[in-house]
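Trainee: In my numbering, the protein residues as written are 6 to 401.
We treat Cβ as the ideally placed atom computed from N, Cα and C, and that holds for glycine.
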Ligand SMILES: Cc1cc2nc3c(=O)[nH]c(=O)nc-3n(C[C@H](O)[C@H](O)[C@H](O)COP(=O)(O)OP(=O)(O)OC[C@H]3O[C@@H](n4cnc5c(N)ncnc54)[C@H](O)[C@@H]3O)c2cc1C
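1) Any idea if residue 39 is buried or exposed, counting beta-carbon neighbours within 10 angstroms, 16 or more meaning buried?
2) Among 77, 51, 144 and 288, whose alpha-carbon lies nearest the alpha-carbon of residue 128?
3) For residue 401, collect the residues of the same chain with a Cβ closer than 7 Å to its Cβ; drop the 5 residues on either side in sequence, then sort them by chain order.
4) Closest by CA to residue 63, which one among 113, 36, 44 and 20?
5) Ligand 1 heavy atoms versus the CB of residue 208: any closer than 8 Å?
6) Determine the contact status of residue 146 and residue 252, defining contact as a CB-CB distance below 9 Å.
7) Measure the C-alpha to C-alpha separation of residue 153 and residue 284 and round it to an integer number of angstroms.
8) Identify every residue that forms a DSSP beta bridge with residue 205.
9) Please identify the residue among 35, 358, 390 and 8 whose C-alpha is closest to the C-alpha of residue 167.
10) At a cut-off of 8 Å, would you count residue 304 as near ligand 1, judging by its Cβ distance to the nearest heavy atom?
11) Since residue 276 and residue 258 should fall inside the 8 Å C-beta cutoff, what is the C-beta to C-beta distance between them, to a whole number of angstroms?
12) Once DSSP output is grouped into helix, strand and coil, what is the label at residue 226?
13) Based on DSSP bridge pairs, tell me the residues matched to residue 94.
14) Can you give me the C-alpha to C-alpha distance between residue 159 and residue 85, rounded to a whole angstrom?
15) Report whether the distance from the Cβ of residue 156 to the nearest heavy atom of ligand 3 is below 8 Å.
16) Do residue 348 and residue 373 have their C-beta atoms closer together than 9 Å?
17) Under the criterion of a Cβ to heavy atom distance below 8 Å, does residue 20 qualify as lining ligand 1?
18) Which first and last residues belong to the alpha helix (DSSP H) in which residue 288 is found?
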């Protein structure tokens, strides 16, 4: 590029940071605006699971693997803690075990690396599987565990130092306007970006990564997009024994209903029908259970899914009790204290991995990664900038 394109990214969650990184690597001059003192949305409230095994096989699974490589690059270059611990889905019911066996049989044709484990093999991998009724598990080596609170706090520093990205925190963007510019006899356009405090900046391109905030910039487009908001309740357990180690990330048979990759398995219907008939309360609150141990030993547990704009600011003890009940059926968690409880909100599109729109020329909306933003953000951002540069004839 002869003159460096000036790019603004709005939102310093994982999606905004991913765009800032990809754009800066491609030679753009990048500035990030975040309305809070530091990003405090879904990107710091999640499990920290980089979870390719949750993506449908094919293009999205491959993109999740590409994202995984970016996380490993960050570990090497930015010193961000990344644990390549893999994952195990546990089966405590015959229909769940059927699904895992069907999936393993198809896995090489689906190009998904995984293997079945018997209960003994599971116990060699983790002390956290409840052996009562345990039939087997599916080990996948591809999953990573990161600490989202630390990663999303330290990435801006690294982007600043390594890639000269500028950050403006406490800076809510309230409007974007296309303005025409006359320069050396030619007319061009720029985007006038205004903060809530009235500061103005000029950019050539703007990427809006506003997460679940659908009512602030371009609310009509976002409201008409099909995006839905979802509230999730979470817990963190601090084991009494600081040396206790979970090993791989863990998911339960209930989780099989949640991720599309298992839709290729005929027995998934049996799991769904059984849960709907025997445990309708789990469907009502979208409960399935997972566990991830972070780099400080805390075990992050969850979760539930309540969809709709009417987000209750207060968490429900009913939901927490259901999560704890289901956790105790499948996991054998160490003695310790539930030392934190919180909820997170994400925006999700019913069919797309991310919602993209161009409300005015050179302004791009990019949100709606649902429950997979930690897994997909880097791959999606790379795909966007590759596509964009190819279209503009800028690919090197
Ligand atoms: C409880 C929970 C568990 C999850 N677990 C996982 C997991 O284990 N693995 C996984 O892959 N995904 C997981 N997810 C999903 C993942 O966290 C999200 O997909 C991802 O964090 C979304 O990132 P984002 O950058 O789009 O949104 P956010 O993190 O919400 O960031 C958006 C940012 O934009 C800022 N902003 C908005 N409007 C403006 C404005 N006008 N001006 C300036 N700033 C603005 C906000 O302040 C915010 O910081 C989970 C989500 C939740 C809630």
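Mentor: Walking through what the data contain:
1) What you label residue 39 is simply residue 34 of the chain shown in a count that begins at 1. When all chains shown are included, residue 39 counts as buried.
2) For the purposes of this step, residue 128 is identified with residue 123 of the chain shown, where counting begins at 1. Of the listed residues, the one whose Cα sits closest to residue 128 is 144.
3) By one-based count along the chain shown, residue 401 stands at place 396. Residue confidence is low: residue 401 scores 45 on pLDDT, short of 50, so the model does not pin down where it sits. Its coordinate-derived value is still stated next. There are no such residues.
4) On the chain shown, position 58 is the one that residue 63 refers to. Closest option to residue 63, Cα to Cα, is 113.
5) Here the question's residue 208 lines up with position 203 in the chain shown. No.
6) Mapped onto the chain shown, residue 146 falls at position 141. Mapped onto the chain shown, residue 252 falls at position 247. The answer is no: Cβ separation not under 9 Å.
7) Position 148 of the chain shown, counted from the start, is the residue given in the question as residue 153. Position 279 of the chain shown, counted from the start, is the residue given in the question as residue 284. For residue 153 and residue 284, the distance between alpha carbons rounds to 32 Å.
8) In the chain shown, counting from the first residue as 1, residue 205 sits at position 200. Answer by DSSP bridge pairing, in chain order: 199.
9) Residue numbering aside, residue 167 sits at position 162 when the chain shown is read from its first letter. The shortest Cα separation from residue 167 among 35, 358, 390 and 8 belongs to 35.
10) As a position in the chain shown, residue 304 is number 299, starting the count at 1. Checking every heavy atom of ligand 1 against the Cβ of residue 304, none is found closer than 8 Å.
11) For the purposes of this step, residue 276 is taken as the residue at position 271 of the chain shown. For the purposes of this step, residue 258 is taken as the residue at position 253 of the chain shown. So it is a contact: roughly 7 Å between Cβ atoms.
12) Start at 1 with the first residue of the chain shown, and residue 226 comes out as number 221. Note: residue 226 maps to helix in three-state DSSP.
13) Within the chain shown, residue 94 is the residue found at index 89, counting from 1. Residue 94 pairs with 143 and 256.
14) Working through the chain shown from its first residue, we reach residue 159 at position 154. Working through the chain shown from its first residue, we reach residue 85 at position 80. C-alpha separation (whole angstroms): 8 Å.
15) As presented, the structure is devoid of ligand 3, carrying ligand 1 as its sole ligands.
16) For the purposes of this step, residue 348 is identified with residue 343 of the chain shown, where counting begins at 1. For the purposes of this step, residue 373 is identified with residue 368 of the chain shown, where counting begins at 1. Cβ atoms of residue 348 and residue 373: not closer than 9 Å.
17) Position 15 of the chain shown, counting from 1, holds the residue named residue 20. Correct: residue 20 has its Cβ closer than 8 Å to ligand 1.
18) If you number the chain shown from 1, residue 288 lands on position 283. Element bounds for residue 288: 285-289.
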